[in-house]
Amino acid sequence: KLSTTASRNNAVKYLTVIGGGLMGSGIAQVAAQTGHQVILVDQSEDILSKSRANIQKSLQRVIKKKFAEDPKGGEAFLSDTMDRITTQTDAAASVHTIFTSNTSSIPIGDIAVSTQRQDRFGGLHFFNPVPMMKLLEDTPGFIVNRLLVPYMVEAVRLVERGDASTKDVDTAMKLGAGYPMGPFELCDYVGLDTMKFILDGWSKNYPDNPLFQPSELLNKLVSEGKLGAKTGEGFYKYE
Ligand code: CAA
Numbered sequence: 001k002l003s004t005t006a007s008r009n010n011a012v013k014y015l016t017v018i019g020g021g022l023m024g025s026g027i028a029q030v031a032a033q034t035g036h037q038v039i040l041v042d043q044s045e046d047i048l049s050k051s052r053a054n055i056q057k058s059l060q061r062v063i064k065k066k067f068a069e070d071p072k073g074g075e076a077f078l079s080d081t082m083d084r085i086t087t088q089t090d091a092a093a094s095v096h097t098i099f100t101s102n103t104s105s106i107p108i109g110d111i112a113v114s115t116q117r118q119d120r121f122g123g124l125h126f127f128n129p130v131p132m133m134k135l136l137e138d139t140p141g142f143i144v145n146r147l148l149v150p151y152m153v154e155a156v157r158l159v160e161r162g163d164a165s166t167k168d169v170d171t172a173m174k175l176g177a178g179y180p181m182g183p184f185e186l187c188d189y190v191g192l193d194t195m196k197f198i199l200d201g202w203s204k205n206y207p208d209n210p211l212f213q214p215s216e217l218l219n220k221l222v223s224e225g226k227l228g229a230k231t232g233e234g235f236y237k238y239e
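Each step along the sequence shown adds one to the number in our numbering, with nothing skipped, and position 203 is 203.
Next up, the structure:
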């Protein structure tokens with residue numbers, strides 16, 4: 001019922017998501033859950049089958065909550081949602097297609113200039129985990145990351161200076177500020193490569209801002225392939 005009502009109200013009915021990683025899978029999932037027909041694109045069938053498996057796993061968590069008393073409804077919701085997602089390894093866009101980017105740090109205008117459709121190009125910034133986070137930023141300036149990334153990097157600098165351990169900082173922010181995750185848990189969840197990518201871009205564009213200066217510790221972990229939960233190690237180790 002939820003998806004039928006949503007699909008009736010959709011102005012946009014078809015969506016192609018380029019990239020089946022953490023964010024792309026989440027975006028494809030919530031779009032399909034709300035009645036959109038989705039094509040998910042990535043470079044290989046192998047990546048795409050992992051994306052489908054991750055979407056299915058995440059949908060199971062949604063179903064556990066939403067269909068606790070209605071297992072049959074849950075099964076239908078799962079198959080209806082998965083049926084709305086097809087995958088392919090190449091992407092084509094017709095002239096009327098609206099492009100949006102999920103970039104979290106690159107100014108949208110900088111990306112749009114390389115296209116012929118600046119009037120049909122925008123930013124839609126989702127948050128990780130997409131199925132749970134209710135905010136979608138489409139305002140210029142990226143409010144959340146502008147505040148969140150310097151906060152996370154300041155936490156890294158605090159540990160680099162030897163002021164506290166990662167565990168101390170995380171515990172302090174969870175107990176003292178009520179955050180669901182401490183900054184190091186969040187860094188590992190977001191991905192240290194993503195953090196570095198954002199910071200490198202900002203420090204290049206705004207070299208005088210001390211908040212955007214690179215962090216040696218972050219760079220070291222990234223160069224060692226310790227990118228966070230997805231590689232089994234970042235600031236913490238994962239099973
Ligand atoms: N799909 C579906 N459901 C999910 C899910 C997923 N991927 N991840 C978590 N959930 C659900 C769980 O099933 C669980 O449901 P119930 O309450 O019904 O049991 C609920 O969310 C809570 O999950 P957990 O009990 O496992 O753990 P939690 O209470 O710590 O919540 C969290 C997990 C929602 C991720 C929470 O820790 C949180 O909000 N963390 C902060 C996330 C955040 O700050 N995101 C922004 C990152 S920055 C970014 O994205 C921008 C960028 O560009 C860098």
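By construction, the Cβ of each residue, glycine as well, lies at the ideal position given by its N, Cα and C atoms.
These numbers were taken from a predicted model, which means no experiment stands behind them.
Practice problem: Tell me G122's beta-bridge partners as DSSP assigns them. | Solution: Locating residue 122 in the sequence shown gives position 122, counting from the first residue. BP columns for G122 point to T100.
Self-check item: Per-residue DSSP class, three states only, for T115
Solution: The count along the sequence shown starts at 1 and reaches residue 115 at position 115. In this structure, T115 counts as coil in the three-state DSSP scheme.
Quiz item: So, is the C-beta of K134 closer than 7 Å to a C-beta in chain B?
Solution: Considering every chain present, this structure includes no chain B. It has just one protein chain.
Exercise. Below 8 Å CB to CB, which residues in the same chain sit around L211 once its five sequence neighbours on both sides are set aside?
Key: Here residue 211 is taken as the residue at index 211 of the sequence shown, counted from 1. Correct list, in chain order: P150, V153, E154.
Quiz item: In whole angstroms, what is the alpha-carbon distance linking S94 and V169?
Solution: Against the sequence shown, residue 94 aligns to sequence position 94. Against the sequence shown, residue 169 aligns to sequence position 169. Near 49 Å, if we compare the C-alpha coordinates of V169 and S94.
Practice problem: Name the one or two DSSP bridge partners that I18 has. | Solution: In the sequence shown, the residue the question calls residue 18 occupies position 18. In the DSSP output, where bridge partners are listed per residue, I18 has V41.
Quiz item: Near D200, what residues of its chain come up, given a Cβ to Cβ distance below 8 Å and the 5 sequence neighbours on each side ignored?
Solution: Translated into the one-based positions of the sequence shown, residue 200 becomes position 200. P214, listed in sequence order.
Quiz item: Is D110 near G123, with beta carbons less than 7 Å apart?
Solution: The residue labelled residue 110 in the question sits at position 110 within the sequence shown. The residue labelled residue 123 in the question sits at position 123 within the sequence shown. For D110 and G123, no; Cβs fall outside 7 Å.
Quiz item: What residues are listed by DSSP as bridge partners for I85?
Solution: On the sequence shown, residue 85 is found 85 positions in, with the first residue counted as 1. V38, per the DSSP bridge assignment.
Quiz item: If you measure from each residue's Cβ to the nearest non-hydrogen atom of the ligand CAA, which ones come out under 6 Å, in chain order?
Solution: S58, R61, V62, K65, S104, F127, N128, P129, P131, M132, M133, N145, L148, P180, M181, L186, V190, T194
Practice problem: Ignore the nearest five residues each way along the sequence and tell me which others in L227's own chain have a CB closer than 7 Å to its CB. | Solution: Mapped onto the sequence shown, residue 227 falls at position 227. Correct list, in chain order: G191, L192, D193, G234.
Practice problem: Please confirm whether V17 and G26 have their CB atoms less than 7 Å apart. | Solution: For this step, residue 17 is matched to residue 17 along the sequence shown. For this step, residue 26 is matched to residue 26 along the sequence shown. Result no, Cβ atoms of V17 and G26 do not sit closer than 7 Å.
Practice problem: Kindly list the residues whose CB is nearer than 7 Å to the CB of K13, restricted to its own chain and excluding five residues on each side of it in sequence; keep chain order. | Solution: The sequence position of residue 13 within the sequence shown is 13, counting from 1. These residues qualify, in order along the chain: H36, Q37.
Practice problem: Return helix, strand or coil for K237, following the three-state DSSP convention. | Solution: As a first step, residue 237 must be located in the sequence shown, where it is residue number 237. It is a strand residue.
Exercise. Output the distance between the C-alpha atoms of H125 and L15, rounded to the nearest integer angstrom.
Key: Start at 1 with the first residue of the sequence shown, and residue 125 comes out as number 125. Start at 1 with the first residue of the sequence shown, and residue 15 comes out as number 15. Approximately 15 Å between the Cα atoms of the pair.
Quiz prompt | Residues near S101 by beta carbon distance below 7 Å, same chain, minus five either side | solution = For the purposes of this step, residue 101 is identified with residue 101 of the sequence shown, where counting begins at 1. Cβ within range, chain order: I108, I111, G123.
Quiz item: Looking only at its own chain, which residues have a Cβ that is under 6 Å from the Cβ of F127, when we skip the five neighbours before and after it?
Solution: As a position in the sequence shown, residue 127 is number 127, starting the count at 1. These residues qualify, in order along the chain: M133, L135.
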